[in-house]
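Novice: Numbering follows numbering that gives the first Met the number 0, with no gaps: position 491 of the sequence shown is 490.
Pasting a structure below so you can have a look.
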Amino acid sequence: MKDIVWGLVESLRGQLDNAIALELVLQVLVWEKWSSDGKLPPPLRLTRSERPQDYVERWQQLSSQNGDLRRAFPDDKEGSRLGVAGLQDLVNLVLQLRDTGVLQHLNIADVVTGLAGSRGDGELFYPPELADLMLTLGELQAGDTLYTPWDTGAQLSVRGTLKGAAVYLETPLPWRVTLQIGLLADGSLTVQIGDPIRFPQAIEEGKPRQFDVAIAFPPLNQRYEREVAEQDWFGRFPEKTTSGTILSIRHLLAQTRRRVAVAVTPSFLFGRGEAALRIDLLQRGMVQAVVALPSGILSGPQVAIALLVLDPRGGHRTVRFVNADNERFVESLSKARSRLTNTSMLGDLILTDAADPDVIVVSVEEILANDAQLQVSRYVVPPPQRRLREKLAHAEMVRLGDLVTTLRPLAIKSVDSDDVASAWEVGPADLPAYGYIQDASRAVSLPREIAQQCNEKQFLLPHDIVLIVKGGVGKIGIVPPEVPPPGEGGWVAGQTAMVLRVDPAAGTDPRTLFLQLRSPLGQALLQGIVSGGATMQMINLSELRALQVLQPSAAEQAQAGAALEKEAELQQEIERLRKQQARVTLELWPLD
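Now the structure itself:
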């Protein structure tokens, strides 16, 4: 029945801005509902009047009431802006809907779904399928108390009331629509305006109130001043951090007894800055499940999210990892947008013990031994990776870190001084599909003292391997033997790359390692350690060094080295033919 609300908003088109019109419509609907439910004294109730000024006078009296009504009707600015006649027309429309029985079927859940569809903010309003899934993960029971901080659009909160929970919504955004939705909800829905991290409102007897369940979609990538954690009155934050994600999770755990379902960015699952929290949660047995969601399901900026299911009571010695980023649970809407599907099945997979190819249960000890990584792709192996593991099950493998020294690229900063030297940067565009790197295309300036040091750790040497580890992860090239020497005019790696320099004592031909990592098998190995989401993929250095690669025999190394040289020879011939091709018609119809 969301069309009722939007139809009323449409009736005000041309008179008010859509956002103001929505607030005004919801205010009149609250007025009608509280009148019909007997929550208002007779003089304030919404009844028909032949005198238009009566509506204005009652409206003004509503704004002078205490409590929830005063917050929903703080003044009469919107009503005044609409005018006496305009307000009368809107009221008459609402009364007609009431008299025909239409408003009896007004479902506030449809209203908030309509809000989600009309706004472009992927964090403030998320798709109904995601809200339904998160409510499922809460396993609410009738009579439970539900905490829904940051739920400004009330999507989680309204669904909670429909399940019979007493809901406490706390949002830092003073959007009047949230208050009005709370007043329209048939169940118990309390709305408080305040920042849950800085100034939590749900306090009882001097400490955070305990709710049965908390379900939350905190603002993604938000930062707080360090003083917020350091000066917290309630001891919620053992990590003295600025990370909004860490503070949000700690806050939710401090206010919840039985279950927390919270959305996080993938970086939380593997980032170093979040490792202490992950380790603590795992050691205390609070992590129940981790769910990888498909990208493109949020409106607004393209960001990936995952869901954490936490048990504040602890005691879980295993974690259930669920991969929902596949065709079973996603429907493509466009090149950039997709939609969650089969959420009931997905909820069952997350909450039950059912075996499934997209689910794996991993012991806490194994996860801790894996740097407390919680990224689902580390454990739920997709079919290509499963085939790769089978293929390599009996092969001789070696740690990449035992073969190479990994070198971070030189940080190129702007240089104000005139005493600079030029160098050339190798970026992703310079890495060819075949043969050696032909050129470093971007000129960069270095302090001359750095260039004069000729530091071999800062400049590329023959047969260095340049691997892209941020962005276009896995793209790779090998430096030619005739690269300029270190120093002015030398080559350096771009900021998205990592340099692999084979240790001569390892007995491995760098050309062999390069071709292995460039091959379909090597690319599959690298994809197995990729972290991140839709916007930025990356490979962590520790994961890269721990990567198991094939240990080729001497004969295989000789074959690989010869193959690369043949590739380079053919590439040179191709370039020669391209230049010759360009000259064939060069003299026909010249401009000069």
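For each residue, glycine too, the CB sits at the ideal point set by N, CA and C.
Entirely within the stretch 172-204 and at least 4 residues each: give me those alpha helix (DSSP H) ranges in chain order.
Specialist: Counting only runs of 4 or more, we get 175-183.
Novice: Among Val83, Gly142, Val472, Asp185, whose alpha-carbon lies nearest the alpha-carbon of Ser35?
Specialist: Asp185
Novice: Would the stretch 215-230 and the stretch 91-101 be scored as touching if the rule is three or more Cβ pairs under 8 Å?
Specialist: no
Novice: By the three-class DSSP mapping on this structure, what secondary structure does Asp211 have?
Specialist: strand
Novice: Figure out for me which residue from Ala20, Ser444, Pro427 has the closest Cα to the Cα of Ile464.
Specialist: The shortest C-alpha to C-alpha distance from Ile464 to any of Ala20, Ser444, Pro427 is the one to Pro427.
Novice: Using 8 Å as the Cβ pair cut-off and three pairs as the minimum, do the stretch 189-196 and the stretch 166-181 touch?
Specialist: yes
Novice: Going by beta carbon distance, what residues of the same chain come within less than 7 Å of Arg577, once the five residues before and after it are set aside?
Specialist: none
Novice: Compare the Cα-Cα distances from Gly163 to each of Leu134, Arg283, Pro148 and report the closest residue.
Specialist: Leu134
Novice: Compute the Euclidean distance between the alpha carbons of Ala533 and Ser266, then round it to the nearest angstrom.
Specialist: Here Ala533 scores only 48 on pLDDT, less than 50, and its place in the model should not be relied on; the value that follows carries that caveat. Cα to Cα, Ala533 sits roughly 11 Å from Ser266.
Novice: Would you kindly report the start and end of the unbroken beta strand (DSSP E) that includes Pro485?
Specialist: Segment: none, Pro485 is in no beta strand (DSSP E) and carries neither H nor E.
Novice: Determine whether the beta carbon atoms of Pro461 and Val482 lie at a separation below 8 Å.
Specialist: yes
Novice: Which residues in the same chain as Tyr54 place their Cβ atom closer than 7 Å to its Cβ, once the five residues preceding and following it in sequence are excluded?
Specialist: Excluding positions up to five away in sequence, the list reads Ser48, Leu86, Gln87, Val90.
Novice: Compare the C-alpha of Thr264 against each of Ser294, Met285, Ala432, Leu367 and name the closest.
Specialist: Ser294
Novice: Phe233 lies in the alpha helix (DSSP H); which residues open and close that run?
Specialist: From DSSP, Phe233 is part of no alpha helix (DSSP H); its letter is neither H nor E.
Novice: I'd like the ranges of any beta strand (DSSP E) spanning at least 3 consecutive residues and lying wholly in the stretch 381-437.
Specialist: 396-398, 403-406, 419-425
Novice: Would you report the Cα separation of Met537 and Glu31, rounded to the nearest angstrom?
Specialist: 54 Å
Novice: If we call anything under 8 Å between Cβ atoms a contact, is Gln558 one with Val397?
Specialist: no
Novice: Once you ignore the five residues that flank Arg222 on each side, which residues in its own chain have a CB closer than 8 Å to its CB?
Specialist: Thr241, Ser242, Gly243
Novice: Take the Cβ of Thr46 as the centre, count every other Cβ of all protein chains shown within 10 Å, and call the residue buried at 16 or more, exposed below.
Specialist: exposed
Novice: Based on Cα-Cα distance, which residue from Gln209, Gly488, Val358 lies nearest to Arg258?
Specialist: Gln209
Novice: Provide the residue span of the alpha helix (DSSP H) that contains Gln556, from first to last.
Specialist: 553-583
Novice: Quick one: Cα of Arg575 to Cα of Val498, how far?
Specialist: Each residue's alpha carbon lies about 30 Å from the other.
Novice: Cα separation between Ala305 and Asn322?
Specialist: 10 Å
Novice: Count the other C-beta atoms from every protein chain shown that fall within 10 angstroms of the C-beta of Arg316, then say buried if there are 16 or more, exposed otherwise.
Specialist: exposed
Novice: Run through DSSP, which three-state label would Ala504 get?
Specialist: helix
Novice: Quick check on DSSP: helix, strand or coil for Gln536?
Specialist: Gln536: strand per DSSP, three-state reduction.
Novice: Helix, strand or coil: which one does DSSP assign to Leu445?
Specialist: strand
Novice: For Ala562, which residues from the same chain have a beta carbon less than 8 Å from its beta carbon, with the 5 sequence-adjacent residues on both sides left out?
Specialist: Leu514
Novice: Check each candidate in Arg336, Ser337, Val358, Ala335 and name the one with the smallest Cα separation from Gly346.
Specialist: Val358 is the residue among Arg336, Ser337, Val358, Ala335 whose C-alpha sits nearest the C-alpha of Gly346.
Novice: Using CA atoms only, rank isn't needed, just tell me which of Gly181, Ala288, Ala141 is closest to Val157.
Specialist: Gly181
Novice: Short check: CB of Glu273 to CB of Ile245, under 8 Å?
Specialist: Contact: yes.
Novice: I need the straight-line Cα distance from Ala554 to Gly473, nearest angstrom please.
Specialist: 26 Å
Novice: If you run the structure through DSSP and keep just helix, strand and coil, what is Lys456?
Specialist: coil
Novice: What do you reckon, are the CB atoms on Arg235 and Ala262 nearer than 8 Å?
Specialist: no
Novice: Going by C-alpha to C-alpha distance, which of Arg388, Ala213, Gln571 sits closest to Pro479?
Specialist: Gln571
Novice: Between which two residues does the alpha helix (DSSP H) containing Gln515 stretch?
Specialist: 509-517
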